[in-house]
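Participant: Quick one: the structure is below, questions incoming.
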Amino acid sequence: MLGEQITDKKKSGKISKVVQSIPPSGIREFFDLVMGRDDIISLGVGEPDFTTPWHIREACIYSLEKGYTTYTSNQGLAELRELICEEIHQDQRITYSPDSVLITTGVSEASDLAMRAILNPGEEVLVPEPSYVSYKPCISLAGGTPVPMETEREDEFRLTPEQLEKQITPKTRAVILSYPNNPTGAIMEKKHLEELTDAINEHNLIVISDEVYGKLTYNKKHTSITTLNGMKEQTIILNGFSKSHAMTGLRIGYAIAPEEIIDAMNKIHQYTMLCAPITAQMGAIEALQNGNAEMEKMKKEYNRRRRVFVRGLNRIGLDCATPGGAFYAFPSITATGLGSEEFAAQLLTEQQVAAVPGNAFGKSGEGHIRCSYATSLEELKIALERIEQFVEKSLLGRN
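In structure tokens form, the structure reads like this:
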């Protein structure tokens, strides 16, 4: 026993205390559990079940055949950055220069670069929760301090101006806005964003706006906070192609921001990642030029699944708000008397359905599970049957 303790001390002495303090991803834990198992219906991982459209794959293949296997500029292919500027102007009526765009290896790298580019040691970043699992670790690794803000089911998991004002301190540097939201599917309409701008401007906060699900909204068009007065100069947009064009494995994302911030992010990028893979950048060019039709087909199917799945959850007795965007449902499981981790573990063991415990996304996610409906409608219907059996058994056990 003493030998084990000495070994543990030696191990801990070699690893950064910041890294030691960061928990493993709750999403990846469940992903690892179901990998390679065909007896499990996985509602756990936020990945489209669609194959990357053929014309995009063909563009990648053709680029290899033509010998495009070199580095690109650190900032990314000029043609791709120009197309991104054209798209955001078409969608949001905001004008950017290609020099305000940085192509990254997925949105995850863009998020990491943004934190490291803007934060000084000890500065705070406000993180509305439930939220994507990587924000707080990225803040900590950049030397900052993440400050969670618990959003409420009654507010449809949107950040309110009262919550924002309450958490701002002299150390507050930035606030993350991640809408459409992972894991709740919540969206922020223009009127909701406008309510936040007074506090953001008064305290000169930087907004890190993760808009990777911006193309996947169902009844309301996505509004970027950059469209509001003064917000373009305050905002770093994070976006990419993984969700909208089913290109997760190609790892292609981007950031749009004022040029001084992009220059700082690129400075880090050139020493760490160098550049995003040219093959993926060529695929992204094709996605922007010719990918809308396939994207709309996928979105239509997600919408169909969304309606069926959320209706089924509510029928079972798991209260679930209708998500306005992304491809996640976030039902409450409090009626069963089980905690999030307990519910998810037992559901996996007893019914072979994988969902992610809500507390993986922050304390305010406790009492919920995240279910991705980026899987076939047939599997979603089977999953609902199995969840219903599990819930009935849980309720019987309480009575």
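Going by this note's numbering, the sequence shown opens with residue 356, and the numbers climb by one from there. Quick reminder that beta carbons are idealized off the backbone N, C-alpha and C, glycines included.
Under the rule that 16 or more other beta-carbon atoms within 10 Å means buried, what is Y534, buried or exposed?
Facilitator: Buried, by the Cβ-count rule.
Participant: With a floor of 4 residues, list each alpha helix (DSSP H) that falls wholly inside the region 411-497, ordered by position along the chain.
Facilitator: Counting only runs of 4 or more, we get 433-447, 461-473 and 490-496.
Participant: Helix, strand or coil for S371? Go by DSSP, reduced to three states.
Facilitator: Here S371 sits in coil by DSSP.
Participant: Report the three-state DSSP secondary structure of G604 (helix, strand or coil).
Facilitator: In the structure shown, G604 sits in a helix (DSSP, three-state: H, G or I).
Participant: Please confirm whether G431 and L468 have their CB atoms less than 9 Å apart.
Facilitator: No.
Participant: If we ignore side chains and look at the alpha-carbon of each, how far apart do N669 and L605 end up?
Facilitator: Roughly 36 Å between the two C-alpha positions.
Participant: Output the distance between the C-alpha atoms of K622 and R508, rounded to the nearest integer angstrom.
Facilitator: If you take the alpha carbons of K622 and R508, they lie about 40 Å apart.
Participant: Does DSSP put Y626 in a helix, a strand or coil?
Facilitator: Note: Y626 maps to helix in three-state DSSP.
Participant: Return the chain-ordered list of same chain residues with a C-beta closer than 8 Å to the C-beta of L571, the five sequence neighbours on each side being excluded.
Facilitator: P535, K598, S599, K654, Y657, G680, A681 and F682, listed in sequence order.
Participant: V711 bridges to which residues according to DSSP?
Facilitator: In the DSSP output, where bridge partners are listed per residue, V711 has R725.
Participant: Using only CA atoms, which one of L481, C493 and K545 lies nearest to P525?
Facilitator: When each option's Cα is compared against that of P525, the closest is L481.
Participant: Could you tell me whether the region 742-751 touches the region 410-428, where touching means 3 or more Cβ pairs closer than 8 Å?
Facilitator: Flag = no, the region 742-751 and the region 410-428 do not touch.
Participant: Exposed or buried, what is P403 when buried is set at 16 or more other beta-carbons lying within 10 Å of its beta-carbon?
Facilitator: Looking at its Cβ environment, which holds 16 or more other Cβ atoms inside 10 Å, P403 is buried.
Participant: Of all the options K576, P408, G608 and G499, which has the alpha carbon lying nearest to the alpha carbon of K652?
Facilitator: Among K576, P408, G608 and G499, the Cα nearest to that of K652 belongs to P408.
Participant: Quick check: the Cα distance between A700 and I611, rounded to an integer number of angstroms?
Facilitator: Approximately 39 Å between the Cα atoms of the pair.
Participant: Put R592 into one of helix, strand or coil per three-state DSSP.
Facilitator: Residue identity check: residue 592 is Ile in the sequence provided, not Arg. I592: strand per DSSP, three-state reduction.
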